[in-house]
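Participant:
Number of protein chains: 2
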Amino acid sequence: MLRFCGQEKCSIDANGRVKLSPRFIEDFLQRCGGDVVIHSLPEGAVAVYPEDVYQQMRASVGQAAEKAGLSLVQRRILRSFGALSQPDQITRQGRLTIPQAYRGNAELLPGTEVYLVGVEIGIEIWNAQRWEQELQDINTHLLQKGELEMAADLSAVNNEGIKGI
Amino acid sequence: MLRFCGQEKCSIDANGRVKLSPRFIEDFLQRCGGDVVIHSLPEGAVAVYPEDVYQQMRASVGQAAEKAGLSLVQRRILRSFGALSQPDQITRQGRLTIPQAYRGNAELLPGTEVYLVGVEIGIEIWNAQRWEQELQDINTHLLQKGELEMAADLSAVNNEGIKGI
DNA sequence: GAATAAAATGGATTATAATGGAATATATTG
DNA sequence: CAATATATTCCATTATAATCCATTTTATTC
């Protein structure tokens, strides 16, 4: 079954909350009972992951916590995870409060238009304008990659001859 | 479960105390009953660790006590832990007094705006302005890293050619 | 060593913000 | 077009944060 996909446009209420679409609510309830982790992304948006998904992501980066604190570098790593992530709850009405501290960087202040974007392992919340820009950037990148692939296909003829076709 | 994470903005009261957020209070009570160690960080902030976390960090530096007095390096390590750390208590109202001696270096004088920052193994208390700078530095670094990864994705096409066709 | 002054502590009060629920408006479906 | 479902707004309640004040402790001075 396909989870956490599609996009929905909606707005942030006066208290800094978003109401999720029924599909996303269902996805989160089934996956984690509504216990999620909000993560502030450097590209200017926030991600919402089921708690265990976040734990997995976090663990893959490593860094046994207690050894840290000794070096400036390790403290910065801890900060970048600790400060930029925090637990949250999807209420029984399907609402989610965006943490105060993350609103500025993501431009998600009360009243703004946003997109809820499915990213397969969770969702992301984007300022509407920014999301439209991001979509464009993604497209540009994919097109560039496509061009490079076509070029590589041609140059392969010189180097190896044709295998596949 | 996720502990010691997120950020909260608040201010230092007239007597040099901060009131922790309920989440941090809970984290400390569960972890150590409110017995913490304050450590003055060279980057200009103070860290608050549960006592046992601090002990572990301290232990990982080595059995300095026996070797003490033998080398300048050892003596300096002892000093940096001895002089720059001291025990403290989170009161039953969730307040924490910032030791006089550490207020200057961290710019945490009575009346100033601060951030309480979760760092997974404890929290850090930052002067608000300084923290905003630090966050920006962290974000810039993460963004740069991201850009490099995107570039690598493109150049991978050249190296591998097309496999699929 | 006693008295005074300064500071620190703990509690309580007030103001502000977050929360949950319900009602209304809008969109979607049959 | 009617009925249902979903989104948005509003309001009452609760929780939280900041402020103030009385008490205790510590330091200083005579």
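In order, the protein sequence lines correspond to chains A and B.
Quick note, the first sequence lines up with residues 0 to 164 if you use numbering that gives the first Met the number 0.
Quick note, the second sequence lines up with residues 0 to 164 if you use numbering that gives the first Met the number 0.
Glycine included, every Cβ here is placed at the ideal spot set by N, Cα and C.
Please classify residue 19 of chain B as buried or exposed, where buried requires at least 16 neighbouring CB atoms within 10 angstroms.
Facilitator: Looking up residue 19 of chain B in the second sequence gives position 20. Label assigned to residue 19 of chain B: buried.
Participant: Have a look at A:44, A:42, A:52 and A:25 and flag the residue whose alpha-carbon is nearest the alpha-carbon of residue 35 of chain A.
Facilitator: Taking the first sequence and counting its residues from 1, one reaches residue 35 of chain A at position 36. Residue A:52 is the option with its Cα nearest to residue 35 of chain A.
Participant: Just the Cα atoms here: how many angstroms apart are residue 119 of chain A and residue 37 of chain A?
Facilitator: Stepping through the first sequence from its first residue, residue 119 of chain A is reached at position 120. Stepping through the first sequence from its first residue, residue 37 of chain A is reached at position 38. So the alpha carbons of these two residues sit roughly 15 Å apart.
Participant: Any Cβ of chain B within less than 8 Å of the Cβ of residue 81 of chain A?
Facilitator: Start at 1 with the first residue of the first sequence, and residue 81 of chain A comes out as number 82. Residue 81 of chain A counts as touching chain B.
Participant: Taking residue 3 of chain B as the query, report the chain A residues whose CB atoms sit under 7 Å from its CB, ordered along the chain.
Facilitator: In the second sequence, counting from the first residue as 1, residue 3 of chain B sits at position 4. Those are 81, listed as they occur along chain A.
Participant: Between the stretch 38 to 48 of chain B and the stretch 112 to 128 of chain B, do at least 3 Cβ pairs fall closer than 8 Å?
Facilitator: yes
Participant: With a cut-off of 8 Å, do at least 3 Cβ pairs link the stretch 91 to 101 of chain A to the stretch 6 to 16 of chain A?
Facilitator: Cβ pair count under 8 Å is three or more, so yes.
Participant: Between the Cα of residue 127 of chain B and the Cα atoms of B:108, B:138 and B:141, which residue gives the shortest distance?
Facilitator: For the purposes of this step, residue 127 of chain B is taken as the residue at position 128 of the second sequence. Nearest of B:108, B:138 and B:141 to residue 127 of chain B, Cα basis: B:108.
Participant: Quick check on DSSP: helix, strand or coil for residue 46 of chain A?
Facilitator: Stepping through the first sequence from its first residue, residue 46 of chain A is reached at position 47. Three-state result, residue 46 of chain A: strand.
Participant: Only counting the same chain, and skipping five residues up and downstream in sequence, which positions put a Cβ closer than 7 Å to that of residue 9 of chain A?
Facilitator: Here residue 9 of chain A corresponds to residue number 10 of the first sequence, with the count starting at 1. Closer than 7 Å at Cβ, skipping near neighbours: 17, 18, 113 and 115.
Participant: Would you check if the distance between the CB atom of residue 81 of chain A and the CB atom of residue 3 of chain B is smaller than 8 Å?
Facilitator: Numbered from its first residue, the first sequence carries residue 81 of chain A at position 82. Numbered from its first residue, the second sequence carries residue 3 of chain B at position 4. A contact, by the Cβ cut-off of 8 Å.
Participant: Does residue 116 of chain B have its Cβ less than 8 Å from a Cβ in chain A?
Facilitator: Position 117 of the second sequence, counting from 1, holds the residue named residue 116 of chain B. At least one C-beta of chain A is nearer than 8 Å to the C-beta of residue 116 of chain B.
Participant: How big is the Cα-Cα spacing for residue 149 of chain B and residue 147 of chain A?
Facilitator: Taking the first residue of the second sequence as position 1, residue 149 of chain B is located at position 150. Taking the first residue of the first sequence as position 1, residue 147 of chain A is located at position 148. The alpha-carbon atoms of residue 149 of chain B and residue 147 of chain A are separated by roughly 14 Å.
Participant: For residue 116 of chain A, report the span of its beta strand (DSSP E) as first-last.
Facilitator: In the first sequence, residue 116 of chain A corresponds to position 117, counting from 1. Where residue 116 of chain A is concerned, the enclosing beta strand (DSSP E) stretches over 112 to 117.
Participant: Take residue 11 of chain A as the anchor and find which of A:152, A:138, A:136 and A:105 has the nearest alpha-carbon.
Facilitator: The residue given as residue 11 of chain A occupies position 12 in the first sequence. The candidate whose alpha carbon is nearest that of residue 11 of chain A is A:105.
Participant: Looking at the strands, I want to know which residues DSSP matches up with residue 18 of chain B.
Facilitator: Against the second sequence, residue 18 of chain B aligns to sequence position 19. According to DSSP, residue 18 of chain B bridges with B:94.
Participant: Does DSSP put residue 137 of chain B in a helix, in a strand, or in coil?
Facilitator: Here residue 137 of chain B refers to the residue found at position 138 when the second sequence is read from its first residue. Residue 137 of chain B falls in the helix class under three-state DSSP.
Participant: Secondary structure at residue 165 of chain A, three-state DSSP: helix, strand or coil?
Facilitator: This structure leaves residue 165 of chain A out entirely; chain A is present only between 0 and 164.
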